[in-house]
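Written below as structure tokens is the structure these notes are about.
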Amino acid sequence: MVLLLRRVAASVRRPVASAATSRSLPTVQTLKAQETSTTDRVAAINALELSSALDKTQRDRHALEIVDCDALQTLLGFLEDSDTISSSDLLVPAFLALIRLSTEPLLAQELLRLKAPVILTPFLKQTDPRLQAAACLTLGNLALDSTAAKAVAAPSVVSAALSVLMSPHEAIKRAGCTCVGNIASSAQGHREIMEQDGVLMMGALLDDEFSDSLRSAAAFAMGNILSGRDINAQDLLRESGALPALVLLLSPAFTEDVNGSAAWAVHHGVHLNKTNQTLVAEAGGLAMLLQHLAGGALDNLQTNALLALDSSVIAHEENAAWCRANGGVEVLKRVQESEGDELNASAKRALTSLLQQLN
Numbered sequence: 001m002v003l004l005l006r007r008v009a010a011s012v013r014r015p016v017a018s019a020a021t022s023r024s025l026p027t028v029q030t031l032k033a034q035e036t037s038t039t040d041r042v043a044a045i046n047a048l049e050l051s052s053a054l055d056k057t058q059r060d061r062h063a064l065e066i067v068d069c070d071a072l073q074t075l076l077g078f079l080e081d082s083d084t085i086s087s088s089d090l091l092v093p094a095f096l097a098l099i100r101l102s103t104e105p106l107l108a109q110e111l112l113r114l115k116a117p118v119i120l121t122p123f124l125k126q127t128d129p130r131l132q133a134a135a136c137l138t139l140g141n142l143a144l145d146s147t148a149a150k151a152v153a154a155p156s157v158v159s160a161a162l163s164v165l166m167s168p169h170e171a172i173k174r175a176g177c178t179c180v181g182n183i184a185s186s187a188q189g190h191r192e193i194m195e196q197d198g199v200l201m202m203g204a205l206l207d208d209e210f211s212d213s214l215r216s217a218a219a220f221a222m223g224n225i226l227s228g229r230d231i232n233a234q235d236l237l238r239e240s241g242a243l244p245a246l247v248l249l250l251s252p253a254f255t256e257d258v259n260g261s262a263a264w265a266v267h268h269g270v271h272l273n274k275t276n277q278t279l280v281a282e283a284g285g286l287a288m289l290l291q292h293l294a295g296g297a298l299d300n301l302q303t304n305a306l307l308a309l310d311s312s313v314i315a316h317e318e319n320a321a322w323c324r325a326n327g328g329v330e331v332l333k334r335v336q337e338s339e340g341d342e343l344n345a346s347a348k349r350a351l352t353s354l355l356q357q358l359n
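Sequence positions in the sequence shown follow the UniProt record's numbering and run 1 to 359.
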């Protein structure tokens with residue numbers, strides 16, 4: 001339905017301009033006019049945004065008007081012409097506008113139609129960290145659109161995104177993790193990332209030489225990469241030492257954000273893999289997951305801890321027996337009684353599954 005709406009909007013011109021259109025057209029005319037100074041062009045780029053004060057209907061209408069007036073194509077044109085002096089001065093403002101606009105589904109779909117991932121890919125290998133980060137953020141936003149999988153999972157795009165993980169700058173590595181993690185949210189994406197050694201590359205960022213925020217971003221991305229439950233990828237996770245590193249990040253010594261990301265990766269990394277499930281138990285992972293659930297963790301950690309615990313005990317009688325012997329049933333029943341109605345659908349399914357296995 002959204003795609004149909006966008007195509008219709010691109011082919012229909014309204015005879016009477018709305019208030020949003022009358023404000024945006026001068027901006028776009030300034031953006032395109034050859035005689036416009038760089039200062040005025042930057043101001044016009046900065047004016048391209050969707051106000052948070054607009055309701056959904058107004059935002060959709062304004063987004064369609066931005067599509068109609070070819071503002072997105074103009075912004076991408078600045079990126080394609082970045083070798084010229086005039087366009088090089090516009091790169092950062094153009095990227096900032098694309099980051100803002102690419103969070104809107106209608107505009108993200110138009111950017112995908114305009115082959116934005118192909119245009120963004122060279123910037124992922126830029127030596128300027130500002131442009132690298134901006135390209136990561138924009139591509140990461142686009143990757144979340146349901147229509148993006150084929151474009152963002154192209155081998156050349158994935159290769160460039162993975163190369164960002166080798167940056168000497170931690171902030172850029174973190175942006176790269178987010179971008180790769182978003183690409184991995186589709187089946188095509190996580191398959192291509194695995195084929196290009198993404199499990200090993202992401203696993204290397206779980207090392208304690210890196211900041212907690214980077215390790216958290218890497219763990220969450222790892223969870224998305226492993227979401228296809230590929231047995232070979234799960235085995236590689238264990239054999240490379242990344243699985244023990246993830247279990248370590250479940251420790252309450254880390255923040256709940258780090259714990260939640262690690263639990264997400266453990267959930268996908270051990271599901272129905274008996275060797276990995278055993279390792280989690282031997283490394284103390286079951287105890288830490290139960291500790292989080294007993295301690296009233298925040299929603300994200302609680303959900304991911306339930307998912308990780310369920311994946312760790314399913315079809316693994318030894319782990320299930322350990323949970324029974326160590327108060328697991330009591331902890332889960334307290335969660336059900338105190339917060340059962342407030343859990344999201346994934347957490348409810350995991351909780352139900354756990355109680356069935358442990359009772």
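From the three backbone atoms N, C-alpha and C, an ideal C-beta is built for every residue, glycine too. Quantities reported herein were computed from a predicted structural model and do not represent experimental measurements.
Count the C-beta pairs between the region 203 to 217 and the region 168 to 176 that are closer than 8 Å, then say yes if the count reaches three, no if not.
They touch, by the three-pair rule.
Just to confirm, is the Cβ distance from L135 to F123 under 7 Å?
Here the sequence assigns Ala to residue 135, which means Leu is not the residue at that position. Yes, these two residues count as a Cβ contact at 7 Å.
Within the continuous alpha helix (DSSP H) that includes Q234, where are the two ends?
Taken as a continuous stretch (DSSP letters only), the alpha helix (DSSP H) holding Q234 covers I231 to E239.
What number of angstroms, rounded off, separates the C-alpha of L355 from the C-alpha of K333?
Approximately 8 Å, taken between the alpha carbons.
From A63 to L50, what distance separates their C-alpha atoms?
C-alpha separation (whole angstroms): 7 Å.
With V152 and A143 assumed to form a contact (beta carbons below 8 Å), what rounded beta-carbon distance in angstroms separates them?
Correct: roughly 4 Å between the Cβ atoms.
Can you tell me the Cα-Cα spacing of T21 and L98, whole angstroms?
With a pLDDT of 42 at T21, under the threshold of 50, the modelled position of that residue is not reliable, and the figure given next carries that caveat. For T21 and L98, the distance between alpha carbons rounds to 19 Å.
Taking the alpha-carbon positions, what's the N149 to L111 distance?
The displayed chain sequence assigns Ala, not Asn, to residue 149. Each residue's Cα considered, the two are about 13 Å apart.
State the Cα-Cα distance for the pair K32 and N344, rounded to the nearest angstrom.
Going from the Cα of K32 to the Cα of N344 covers about 47 Å.
Hey, how far is the Cα of L114 from the Cα of L162?
Whole-angstrom Cα-Cα distance: 23 Å.
Return the Cβ separation of S251 and L286 in integer angstroms, given the expectation that the two are a contact with Cβ distance under 8 Å.
Actually they do not touch by this definition, with Cβ atoms about 13 Å apart.
So, is L272 buried or exposed, given that buried needs 16 or more other C-beta atoms within 10 angstroms?
Looking at its Cβ environment, which holds fewer than 16 other Cβ atoms inside 10 Å, L272 is exposed.
According to DSSP, simplified to helix, strand and coil, what is N273?
Note: N273 maps to coil in three-state DSSP.
With DSSP run on the structure shown, which of helix, strand or coil describes L279?
DSSP places L279 in helix when its eight states are reduced to three.
Which word fits M166, buried or exposed, when buried means at least 16 other C-beta atoms lie within 10 angstroms of its C-beta?
Exposed.
Note the first and the last residue of the continuous alpha helix (DSSP H) segment covering N359.
N359 -> no alpha helix (DSSP H), and no H or E assigned at all.
Thinking C-alpha only, which one of T127, L90 and C323 is nearest V164?
Per the Cα distances, T127.
Could you tell me the distance, in whole angstroms, from the CA atom of N46 to the CA atom of P105?
Straight-line Cα distance between these residues: approximately 20 Å.
Can you list, in chain order, the residues of its chain with a C-beta nearer than 7 Å to that of A116? Leave out the 5 residues immediately preceding and following it.
Excluding positions up to five away in sequence, the list reads L76 and L142.
Decide if A133 is buried, meaning its Cβ has at least 16 other Cβ atoms within 10 Å, or exposed.
It is buried - the Cβ of A133 has at least 16 other Cβ atoms within 10 Å.
What is the C-beta distance between L226 and G189, in whole angstroms, given that I count them as a contact (C-beta under 8 Å)?
In fact, because the Cβ distance is near 12 Å, the residues do not count as touching under 8 Å.
Rounded to the nearest angstrom, what separates L25 and T74 at their Cα positions?
With a pLDDT of 49 at L25, under the threshold of 50, the modelled position of that residue is not reliable, and the figure given next carries that caveat. Near 13 Å, if we compare the C-alpha coordinates of T74 and L25.
For residue 369, I'd like the list of residues in its chain whose CB is within less than 8 Å of its CB, leaving aside the five on either flank, ordered along the chain.
Summary: the structure shown does not reach residue 369, with the chain confined to residues 1 through 359, and so no result is reported for it.
Would you kindly report the start and end of the unbroken alpha helix (DSSP H) that includes C323?
C323 -> alpha helix (DSSP H) spans E317 to A325.
Between the Cα of S338 and the Cα atoms of G140, G296 and T303, which residue gives the shortest distance?
The shortest Cα separation from S338 among G140, G296 and T303 belongs to G296.
Quick check: what's the CA-CA separation for A44 versus T138?
Rounded to whole angstroms, A44 to T138 spans 19 Å at the Cα level.
CB-CB under 7 Å to L120, same chain, minus the five flanking residues each way: which ones, in chain order?
If we look at L120 and ignore the five residues flanking it on each side, its Cβ neighbours are A135, T138 and L139.
Compare the Cα-Cα distances from P244 to each of Q336, D60, S88 and A263 and report the closest residue.
Closest by alpha carbon: A263.
Around the Cβ of N224, are there at least 16 other Cβ atoms within 10 angstroms (buried) or fewer (exposed)?
Buried, because 16 or more other Cβ atoms sit within 10 Å of the Cβ of N224.
Consult DSSP for P105 and reduce its assignment to one of helix, strand or coil.
Note: P105 maps to helix in three-state DSSP.
What residue range does the alpha helix (DSSP H) around C136 cover?
Per DSSP, C136 belongs to the alpha helix (DSSP H) from P129 to A143.
Since A219 and L206 are thought to touch, with beta carbons under 8 Å apart, how far apart are those beta carbons, to the nearest angstrom?
With a Cβ gap of about 6 Å, A219 and L206 count as contacting.
Could you have a look at N46 and say whether DSSP puts it in helix, strand or coil?
Helix.
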